[in-house]
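Some notes on the structure that comes next.
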Amino acid sequence: MKRYLIIIIAALVILTEPLTVYAEETLPYDTYIYDYKGKVVHTPAAYIPSKTVSGKELSCGSFKSPQDMFIADDGTIYVADTGNNRIVVLSNDMEVLRIIDSFIGDSNKKDTFNAPSGVCCTDDGDLYIADTNNKRVVVLDGSGNLVKIISNPQSEVLSSNFDFTPLKVAVDYAGRVYVISSNVYQGIMAFNQNSDFMGYFGTINVRISLTQIFWRLFSTKEQRARQLQYIPTEFTGIDIDNEGFVYATNFDSTGGQAVRMLNPKGIDVIKQNPSGRRSLSGDVSFSYGGDYSGASEIVDVKIQENGIYSLLDCNRGRIFSYDSEGNLLYIFGGMGTQEGTFNQPVAIESYHGLMYALDASRNAIFVFEPTEYGSYINEAVGLRYKGDQTKAVEIWKKVLELDSNNEMAYTGIGKSYLSSGDNKQAMYYLKMGMNKEYYSIAYKRYRNELLRANLGWILTAVLVSFLIYFLFKPLIKSRIRRIR
Amino acid sequence: MNIDDIKFLFYTITHPINGFYEIRHHGKGNIKLSLLIVFLSGAAYCINRRYASFIVNPADPMEVNSILIIFSMFVLFFLFCLGNWSVTCLMNGEGRMQDIITVTGYSLLPILLMFIPATLFSQFVAADEQTFYYLLINIAVIWGALLVICSNMVIHNYTLTKELKTLILTLAAMVIILFIILLFYTMFQQLAEFIKSIYTELIFRV
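Sequence lines, in order, name chains A and B. Residue numbering for the first sequence follows my numbering, beginning at -2 and increasing consecutively. Residue numbering for the second sequence follows my numbering, beginning at 1156 and increasing consecutively.
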């Protein structure tokens, strides 16, 4: 008897022992995602740190507070080394190609930069440099010769003492230049090919909360004058996709919307996930006091292949990736002093699947590589973006093997079954993915299917019951009368 | 509790003024039936939370705790009855505690009557038809609220304005009762702590 008891207890201990995966514990940061309720759910890591490159290890010497980074289509990395007043050009395997710290100016005089904090390169090799403290944007060609200088913009909408302090710069396929300038809250400044100021672009509307309106009602004129003015937030980072849409980020202290996708008219056309609230602002839930509190402060955006874009949060050092429909894909990164963690991240880029982030305080470029999990998600999202739903299902199923709580994978499979007409399967997967909208569509189709298949039976039943009612009506009535 | 009590219950919720008058003055109510209704409507609410279709009910099944829901239903019910009784005692209400418990319990019947059909109905709706589901739920809630107001008015012999005032005061009384319970709880906790520390002190010294 005693022996059996011991065996049973031992079996129970073995069976209830949780299976733990230790691999993730070596990561210096948490990887998680928000579920349909906005609750944190931990996931496998999508990206892991692969290497760190600081200026010290390169032949160019240490960076000093670098503010921007750009990776061209051929993999060349341009770093705006702000504190050293230079642009460092690296090859994709982190060899210094050249250092641009001066150029020949208009009157054949040597000209230098003063705290350049933005850099951008076009497809034909022209380099746009936001030369912040010299209050101009310098355009150099591939061999370092001056092409043009954008400075001192003139327009009716600008005041005569307008201070042009460019921070970030981006160029679209038509040669239009978009500049984020310091202390300009009217929007992004757009310039045409001839360096003429065209106007503000993508102005953010001010949102005043109800409590602010309430307190304004009770304040006197003097109080009102001393209150903060309600001005829109400034843009922080900018990127342009292949079709010419401008993605721009801004701080949103309420955690509302931190990224915009501006069409050529400057209107925000970004897609938001209808079920997820506050879906495009990094962290969904955050504390309002203490360390690492407040909404995510998104400083940069990078558009990758297949409509995936990533946001960089300098508050908690996290990188958030979304697909083209505004679904959060994965989150990684964090603050710290370990390898792969940030101190003051300022810029994010990607090239051939790798993610590059620049840290202004640790003066280094961090490179992250996708894990199996991350690359499956990227692949599946890409396949859906291209319309190949059936292939995507295979990949989503692999994602589910690695993370069986992944709502997006369930939804992805469900949508595919829905389009192939298997409504019952679609219902199962869409419910697992907590996707009410598409579940409802699948349910409606399934209901119609059932009705259509059994219409004969239903109609017969109705007809027969009517017949019985009319045939036996006199009989029932007389029976009742007799009882009375 | 016999079949007549149940028949009278349905008469009451469809003819509230007459029904509640009979309960108050001719002793037609049944307090056991009333408590059964509270229990069953708690159960109906649980069933709704657990089994209503995914489209109208995004609740995680893990989060539905039926014992807690039914228990808190009873706590709220008795809190309301106690608060109402305390307030109406001071405001010349004619109802006795027994009447209050009976009529408040009877007033919860619409929840039992509507939530279960609504749960069944939710199995057949798609997202754009969910309004009909919420219609059923809202009917239950509004009907129940009207019954509570009506029953209180009749058993205490109040006018409508006085009744509404009393209800607001009842809510305040409920909060005060909760506060006092909490106060006593912490006080007794400290008392227990005190006695415990004296005991340990004695153990170590003597």
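Glycine is no exception: its CB is placed at the ideal position from the N, C-alpha and C atoms. All of these numbers come straight from a predicted model, not from anything done at the bench.
Asked	Found
Round the Cβ separation of D32/A and E404/A to the nearest angstrom and send it over; I've been treating them as touching at under 8 Å.	6 Å
With burial defined as no fewer than 16 other Cβ atoms inside 10 Å of the residue's Cβ, what is the status of M1342/B: buried or exposed?	exposed
Does DSSP classify Y19/A as helix, strand or coil?	With a pLDDT of 43 at Y19/A, under the threshold of 50, the modelled position of this residue cannot be trusted; read the value that follows with caution. In this structure, Y19/A counts as coil in the three-state DSSP scheme.
Count the other C-beta atoms from every protein chain shown that fall within 10 angstroms of the C-beta of H1311/B, then say buried if there are 16 or more, exposed otherwise.	buried
Could you please give me the residues that DSSP links to I1202/B through a beta bridge?	For I1202/B, which the question treats as bridged, DSSP gives no partner whatsoever.
In or out: D520/A buried (at least 16 other Cβ within 10 Å) or exposed?	Residue 520/A is absent from the structure shown; chain A starts at -2 and stops at 481.
Which ranges does the alpha helix (DSSP H) cover as unbroken runs of at least 4 residues, wholly within the segment 1250 to 1318 of chain B, from first to last along the chain?	1252 to 1262, 1264 to 1277 and 1285 to 1311
For chain B, check one thing: does any of its Cβ atoms lie closer than 8 Å to the Cβ of P15/A?	Because P15/A sits at a pLDDT of 47, beneath the cut-off of 50, its placement in the model cannot be relied upon, and the point is left open.
Write down every uninterrupted run of the alpha helix (DSSP H) in the segment 398 to 460 of chain A whose length is 4 residues or greater and which is fully enclosed by it, in chain order.	404 to 417, 420 to 429 and 433 to 450
Excluding five sequence neighbours on each side, which residues of the same chain lie with their C-beta closer than 7 Å to the C-beta of G1250/B?	R1179, T1243, I1310 and H1311
Note down the Cα distance separating G172/A from A439/A, rounded to an integer number of angstroms.	46 Å
By the DSSP assignment, the beta strand (DSSP E) with A292/A in it spans what residues?	No beta strand (DSSP E) contains A292/A, which DSSP labels as neither H nor E.
Using 8 Å for Cβ pairs, my map puts Y175/A next to V116/A. What's the rounded Cβ distance?	About 14 Å separates the two Cβ atoms, so there is no contact after all.
R359/A and N340/A look like a contact to me (Cβ under 8 Å); what is the Cβ gap, rounded to whole Å?	5 Å
In angstroms with no decimal places, state the Cα-to-Cα distance between K48/A and W393/A.	29 Å
Tell me the residue span of the beta strand (DSSP E) that contains D108/A.	K107 to T109
Assuming the contact rule is C-beta atoms closer than 8 Å, C57/A and I96/A should be a hit. Round their C-beta distance to whole Å, please.	6 Å
Roughly how many whole angstroms lie between the Cα atoms of M424/A and I146/A?	59 Å
According to a CB-to-CB cut-off of less than 8 Å, which residues of the segment 430 to 442 of chain A neighbour chain B?	M431, K433, E434, Y436, S437, I438, Y440 and K441
Within the same chain, show all residues whose beta-carbon is closer than 8 Å to that of D103/A, passing over the 5 residues directly before and after it, in chain order.	L143 and I146
Assuming F232/A contacts I185/A under a Cβ cut-off of 8 Å, what Cβ separation, rounded to an integer in Å, is found between them?	6 Å
In chain B, which residues lie with their C-beta within 9 Å of the C-beta of Y33/A?	P1213
Name the chain B residues whose beta carbon is nearer than 9 Å to that of K428/A?	F1209
Using a 10 Å radius around the Cβ and a threshold of 16 neighbouring Cβ atoms, would you call P1213/B buried or exposed?	exposed
Straight-line CA distance for A361/A to N445/A?	59 Å
Kindly list, in the order they appear in chain A, the residues whose Cβ is closer than 7 Å to that of A1282/B.	K433, E434 and S437
I need the boundaries of the beta strand (DSSP E) containing G115/A, first residue and last residue.	P113 to C118
Taking the beta strand (DSSP E) that V174/A falls in, what are its first and last residues?	V174 to S178
CB-CB under 6 Å to D280/A, same chain, minus the five flanking residues each way: which ones, in chain order?	S293
I1161/B lies in the alpha helix (DSSP H); which residues open and close that run?	I1158 to T1169
Quick one: Cα of A1271/B to Cα of D1283/B, how far?	The amino acid occupying residue 1271/B in the given sequence is Ile; Ala does not appear at that position. Taking the straight line from one Cα to the other gives about 21 Å.
Count the other CB atoms within 10 Å of the CB of Q254/A; is the residue buried (16 or more) or exposed (fewer)?	buried
Can you name the start and end residues of the beta strand (DSSP E) that E346/A belongs to?	P342 to Y348
Would you kindly check if the distance between the Cβ of Y306/A and the Cβ of V298/A is under 8 Å?	yes
With DSSP collapsed to three states, give me the class of F365/A.	strand
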